[in-house]
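Chemist: Residue numbers (the numbering used here): 571 to 911.
No residue lacks a Cβ here, since even glycine has one placed at the ideal position from N, Cα and C.
In this text the structure is predicted, and so the values were computed from the model without any measurement.
(1) Mark residue 848 as exposed unless 16 or more other C-beta atoms lie within 10 angstroms of its C-beta, in which case mark it buried.
(2) At which residues does the alpha helix (DSSP H) containing residue 843 begin and terminate?
(3) Would you kindly check if the distance between the Cβ of residue 766 and the Cβ of residue 862 is under 8 Å?
(4) Who are the near neighbours of residue 623 in its chain, counting only those whose CB is closer than 6 Å to its CB and skipping five residues on each side?
(5) Identify which residue in 802, 810, 782 has its Cα closest to the Cα of residue 842.
(6) Here's the rule: buried if 16 or more other CB atoms are within 10 angstroms of the residue's CB, otherwise exposed. What is residue 571?
(7) Considering only C-alpha positions, which residue in the set 832, 900, 804 is nearest to residue 854?
(8) Please classify residue 800 as buried or exposed, where buried requires at least 16 neighbouring CB atoms within 10 angstroms.
(9) Please classify residue 749: does DSSP put it in a helix, a strand, or coil?
(10) Within 10 angstroms of its Cβ, does residue 774 collect 16 or more other Cβ (buried), or is it exposed?
(11) Buried or exposed: where does residue 664 fall if 16 or more other Cβ atoms within 10 Å of its Cβ makes it buried?
(12) For the ligand NAD, any of its heavy atoms closer than 7 Å to the Cβ of residue 876?
(13) Is the distance from the Cβ of residue 905 to the Cβ of residue 769 below 8 Å?
(14) Measuring CB to CB, does residue 846 end up less than 8 Å from residue 836?
(15) In this structure, does DSSP put residue 780 in helix, strand or coil?
(16) Leaving aside the five residues before and after residue 874 along the sequence, list all residues of the same chain whose C-beta is less than 6 Å from its C-beta, in chain order.
(17) Between which two residues does the alpha helix (DSSP H) carrying residue 614 extend?
(18) What three-state label does DSSP hand residue 812 in the structure shown?
(19) I'd like to know whether the C-beta of residue 800 is nearer than 8 Å to at least one C-beta of chain B.
(20) According to DSSP, simplified to helix, strand and coil, what is residue 793?
(21) In angstroms with no decimal places, state the Cα-to-Cα distance between residue 610 and residue 871.
(22) Can you tell me whether residue 613 is buried or exposed, with buried defined as 16 or more other CB within 10 angstroms of its CB?
(23) Looking at the unbroken alpha helix (DSSP H) that takes in residue 594, where does it start and where does it end?
(24) In whole angstroms, what separates the C-alpha of residue 909 from that of residue 601?
(25) Using three-state DSSP, classify residue 852 as helix, strand or coil.
(26) How many Å lie between residue 816 and residue 794 at the Cα?
(27) When you compare the CB positions of residue 634 and residue 604, do they come within less than 8 Å of one another, or not?
(28) By a C-beta neighbour count over all protein chains shown, 10 Å radius and 16 as the cutoff for buried, is residue 606 buried or exposed?
(29) Cα separation between residue 891 and residue 834?
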């Protein structure tokens, strides 16, 4: 009873930093081969762990910094151009010839959009958005101490798991209330699942980003390589995934084609939307469960349920933890059936 109480209290103490701890564990698992290579050249475990931890931080933060910098610049430029058009009263321009039905519709929208009252609402909306962005930036600034603390915990966890990870796994294996061969089997299944989820997700992200970049190139959108790289990161986002990139792009093409009376742009926008939904999007629904299920031995339906359930329970980190928990449960059930038989 005392042992159970201590476990519960310990969990409550760690709970505020659970995501940071789990993130450190996952990063140490992903980059353990890097640590092993460094340790072969640098015999000291402490120095090797420190070098590997610093390299992991640089590998993640430097590309992310340049990516966010590029995206923010493009977004800010688009925002300024839109604001300038709205405030100048030229949000929409008239098209010719005016006797065509399509031009009549566009010119009617142009007339309404250029009315002072409508421009006032547009201006108010922009100011509201600007205030919201400023507020969000302020919130980010206030949360910097928490982010720094979480980053320190992640690096701290990585350092010690690089150095003592095998000892930690061995202790867990000995603590399991199972026969030694069953304990090794459980650890092996968890290792297979972690490898399948992590590397399967990365493979799917790279495939989706590549397909997205190819689609942007085919349909004539600017910077296909850049947006392909962005879609690799977007693929890891829960629920929305790469649609946060290709859907606005397809809508932009359709809108541009409608305003400028270019049927080709409208067709390109529709085709890009279909390409994103059925080519890029289906990769995540078909390839990921197969990659994870084949290596872990779980049915694709169980894989999908564990990913979605883990996401709802633990957030983004649950995408990895959920399948591992379900794998452990299935493994224990199989062991129980074997012992009972």
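Modeler: If we stick to the structure as given:
(1) By the 10 Å Cβ count, residue 848 comes out exposed.
(2) Looking at the DSSP string, the run of the alpha helix (DSSP H) that includes residue 843 is 833–845.
(3) Contact: yes.
(4) The answer, listed in chain order, is 725, 728, 729.
(5) Looking at the Cα atoms, 782 is the closest of the given residues.
(6) It counts as exposed.
(7) Taking only the C-alpha atoms, the option nearest residue 854 is 804.
(8) It is buried - the Cβ of residue 800 has at least 16 other Cβ atoms within 10 Å.
(9) Residue 749: coil per DSSP, three-state reduction.
(10) Burial check for residue 774: the Cβ neighbour count within 10 Å reaches 16 or more, so the residue is buried.
(11) Per-residue confidence for residue 664 stands at a pLDDT of 49, beneath the threshold of 50, marking its modelled position as unreliable; the derived number appears in the next sentence. Classification of residue 664: exposed, given that the 10 Å Cβ count is below 16.
(12) What this structure holds is no ligand at all, so the ligand NAD is not there to describe.
(13) Cβ distance not < 8 Å, so residue 905 and residue 769 don't count as in contact.
(14) No, they are not a contact pair.
(15) Here residue 780 sits in helix by DSSP.
(16) Cβ neighbours of residue 874 beyond the five flanking positions: 859.
(17) Careful: residue 614 lies outside any alpha helix (DSSP H) and carries neither H nor E.
(18) DSSP places residue 812 in coil when its eight states are reduced to three.
(19) Given the protein chain composition of this structure (a single chain), no chain B is represented.
(20) In this structure, residue 793 counts as coil in the three-state DSSP scheme.
(21) In this structure, the CA atom of residue 610 is about 41 Å from the CA atom of residue 871.
(22) Burial call: exposed.
(23) It spans 588–600 - the alpha helix (DSSP H) in which residue 594 sits, taken as one unbroken run.
(24) Taking C-alpha positions only, residue 909 is separated from residue 601 by approximately 37 Å.
(25) Three-state DSSP puts residue 852 in a helix.
(26) The alpha-carbon atoms of residue 816 and residue 794 are separated by roughly 11 Å.
(27) The Cβ atoms of residue 634 and residue 604 do not sit closer than 8 Å to each other.
(28) Answer is exposed; the Cβ neighbour count stays below 16.
(29) Spanning the two alpha carbons is a distance of roughly 46 Å.
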